[in-house]
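Notes follow once the structure below has been shown.
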DNA sequence: TTGTATGCGTTATCAG
DNA sequence: CTGATAACGCATACAA
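Residue numbers (our numbering), protein chains in the order written: chain A, 488 to 832; chain B, 488 to 832.
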């Protein structure tokens, strides 16, 4: 509609050159105070808006970053994105979001179109089906810095911000042992992802350190869905020795497990303790609040953004690789706490 | 790092003009099949990536849209964004996200910087503190199409996609009446927002239609927080005639109310029925699942995107104004259903 | 069908 | 301190 006003329009009106107007607007080079103020004033009067596109083309910097996640409406991911946005907005960056739907092919596609739009950086959590890292290496070769968060792959030159999933698995299991549990089952996720592998390893290490047997029958692979938790319990209850605790790598499977256990008439935490993972909002609100591990997603996003900013600050020739590992927080609630009286919420 | 390859590089290598390369790449104008294939082939070989920034500057179309919401990590908003992303990505658009933190000043700021980046359109849910609509009118005057979703303001020429909050309030209240409830309290939100006003109005209309008195003492303003729901109950219980049902405009206040009611020893739904709003994930997972209203956020996002696409298709001179009203779905769960036996989940 | 020239809005590099 | 000019990468009107 209304034609956008450019520095040219201002220069004409003021009978000065566009270059001068540009300088006045960016107030870096030496320029007379009087003309600068004049330019600033008339710019405002004429409702001038800088065209960031032209500026981006000229400078090669778009001031946009891309965030690639499996699904944006998952509590964890949207919280990370919130952290990224809040850290980057004050620095003039905009955040573009992309979803992979846990699909490797989409992930490649998203990276490519992001690169085409001259993105300044990419934040990503790889999808479950991602095995190869060629697409990531290509992005790097293209000169686009990349930061992994939570779900990472080993790629030289790529920074990452994760939590210590091993420690989280260890602490959670240790706490269950502390409640007197001896036969602790683990509902695991896709071991193709490091996070699930590490939670699993932390779990087994805790068992070993406490001289408890690691029984592969007690380790069930699940897919982070509620139903998956219920069927895992069914499977476990076919065993001769039933578990007396469940450490689930996901809150959803933990919930499904709890629902199934209750259906079978078991009392939680008296008969069996349960701990989940991720601190999904619902775990806190249940009448039987579920113990879980908080991954501090918002902080994770903020740190990832800071790592990116650092990277942009350096002379970008060297790709400094920074590995940040955040400490997870075990949140002990009623589902794994036998020492408190259950108070109905 | 590696220098980006341009159409110029291709043209040099092939001894043809850059214009021809451009045409071949966009395969619209008449061009010989042989050269087009040659260009396409060598483009791939040279790992050519189209610079969408330059293209955007040239065409005046950035292929980016902005989405402005209070907080991105709220289930409702992230689901709407998911819908928008999924509808727009196939059309080559990227989605930029902005948060207002329910702050009017931030909202203005966000709109302005979005316009500076030559965004092609804006989707937004206004913040609670937004009264004035000048900033929105300015965006329109600038030529940027805008689509409201859920939380809208009356601005001429702006399309919107919302749910029928009046109907939702009416249906929810009606259902409570159907359970035999006669003294239904309403935990309302900020009436500055149309959505809360409409839920409120639907509530009162249902009462009137059933010859039940509308008692202003039964209408408590809350802020969508859990604690707010608890204190609302405290306040209501100071009344001589206690309510026998609660229709809350938010799931969080409904949850707070339920917690407080249980603390006081009341049985839900026997002694009192409760219905919330938004279908937050936790309402489904509770041991006492909470009745609520589903706003079909993902669909809302998809429709909003479609309205935008239509708008872009038309000759953009006329700002067609489209008002879409989606039908909410009342989800009746145990907290307001006296006819089913409570089955512990 | 293809090439030449120009401009999108900025900024950087020169002169002056 | 300021002005003219080129360039970022692409797409189009026009000419050939």
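Yeah, the Cβ is synthetic: ideal placement off N, Cα and C, and Gly gets one too.
Under 7 Å between beta-carbons, which chain B residues line up against residue i? List them in chain order, please.
i	result
residue 581(A)	583, 604
residue 541(A)	544
residue 536(A)	602, 603
residue 742(A)	772
Expressed to the nearest angstrom, what Euclidean distance is found between the alpha-carbon atoms of residue i and residue j?
i	j	result
residue 503(B)	residue 494(B)	10 Å
residue 818(B)	residue 781(A)	30 Å
residue 826(A)	residue 661(A)	16 Å
residue 571(A)	residue 822(A)	32 Å
residue 739(B)	residue 770(B)	9 Å
residue 568(A)	residue 647(A)	15 Å
residue 804(B)	residue 514(B)	Legend: pLDDT at residue 804(B) = 47, less than 50; position of this residue unreliable, no value from coordinates given.
residue 749(B)	residue 756(B)	11 Å
residue 506(B)	residue 497(B)	11 Å
residue 537(B)	residue 807(A)	28 Å
residue 642(A)	residue 664(A)	36 Å
residue 562(A)	residue 508(B)	46 Å
residue 525(A)	residue 510(A)	12 Å
residue 560(A)	residue 590(B)	22 Å
residue 674(A)	residue 752(A)	20 Å
residue 688(B)	residue 630(B)	35 Å
residue 521(A)	residue 533(A)	18 Å
residue 697(A)	residue 683(A)	21 Å
residue 797(A)	residue 810(A)	13 Å
residue 820(A)	residue 667(A)	16 Å
residue 711(A)	residue 676(A)	7 Å
residue 517(A)	residue 551(A)	29 Å
Could you spell out where the alpha helix (DSSP H) holding residue i opens and where it closes?
i	result
residue 753(B)	Element bounds for residue 753(B): n/a, residue is neither H nor E.
residue 672(A)	No alpha helix (DSSP H) holds residue 672(A); the beta strand (DSSP E) holding it covers 671-675.
residue 736(B)	Residue 736(B) -> no alpha helix (DSSP H), and no H or E assigned at all.
residue 687(A)	681-696
residue 496(A)	494-501
residue 594(B)	591-603
Can you tell which of the options has its C-alpha closest to the C-alpha of residue i?
i	options	result
residue 616(B)	747(B), 678(B), 708(B)	678(B)
residue 814(A)	722(A), 656(A), 716(A)	656(A)
residue 812(B)	509(B), 593(B), 639(B)	639(B)
residue 531(B)	707(B), 506(B), 492(B)	492(B)
residue 500(A)	690(A), 527(A), 645(A), 583(A)	527(A)
residue 627(A)	611(A), 612(A), 645(A), 636(A)	645(A)
residue 708(B)	698(B), 728(B), 733(B), 587(B)	733(B)
residue 703(B)	789(B), 672(B), 731(B), 545(B)	672(B)
residue 650(A)	496(A), 788(A), 800(A), 505(A)	788(A)
residue 588(A)	596(A), 510(A), 581(A)	596(A)
residue 573(B)	798(B), 728(B), 790(B), 820(B)	790(B)
residue 759(A)	765(A), 766(A), 793(A), 724(A)	724(A)
residue 604(A)	541(B), 545(B), 635(B)	541(B)
residue 680(B)	705(B), 666(B), 612(B)	612(B)
Given that residue i touches chain A, what residues does it touch there, using C-beta distances under 9 Å?
i	result
residue 768(B)	562, 767, 768, 769
residue 568(B)	559, 560, 565, 584
residue 572(B)	559, 584, 585, 586
So residue i contacts chain A; which residues on that side make the cut at Cβ distance below 7 Å?
i	result
residue 549(B)	540
Tell me the residue span of the beta strand (DSSP E) that contains residue i.
i	result
residue 551(A)	551-556
residue 611(B)	608-611
residue 629(B)	Segment: none, residue 629(B) is in no beta strand (DSSP E) and carries neither H nor E.
residue 637(A)	From DSSP, residue 637(A) is part of no beta strand (DSSP E); its letter is neither H nor E.
residue 678(A)	Looking at the DSSP string, residue 678(A) is not in any beta strand (DSSP E), and its letter there is neither H nor E.
residue 781(A)	779-781
residue 817(B)	816-818
Checking 7 Å against the spacing of the C-beta atoms, do residue i and residue j come in under that value?
i	j	result
residue 786(A)	residue 763(A)	no
residue 633(A)	residue 602(A)	no
residue 716(A)	residue 744(A)	yes
residue 578(A)	residue 583(B)	no
residue 441(A)	residue 728(A)	With chain A running from 488 to 832 in the structure shown, residue 441(A) is simply not present.
residue 618(B)	residue 585(B)	no
residue 548(A)	residue 607(A)	yes
residue 719(A)	residue 777(A)	no
residue 774(B)	residue 774(A)	yes
residue 686(A)	residue 652(A)	yes
residue 784(B)	residue 614(B)	no
Given that residue i touches chain B, what residues does it touch there, using C-beta distances under 9 Å?
i	result
residue 773(A)	769, 772, 773, 774
Regarding residue i and the ligand FMN, is the C-beta to nearest heavy atom distance less than 6 Å?
i	result
residue 512(B)	Ligands in the displayed structure: none, and consequently the ligand FMN is not present.
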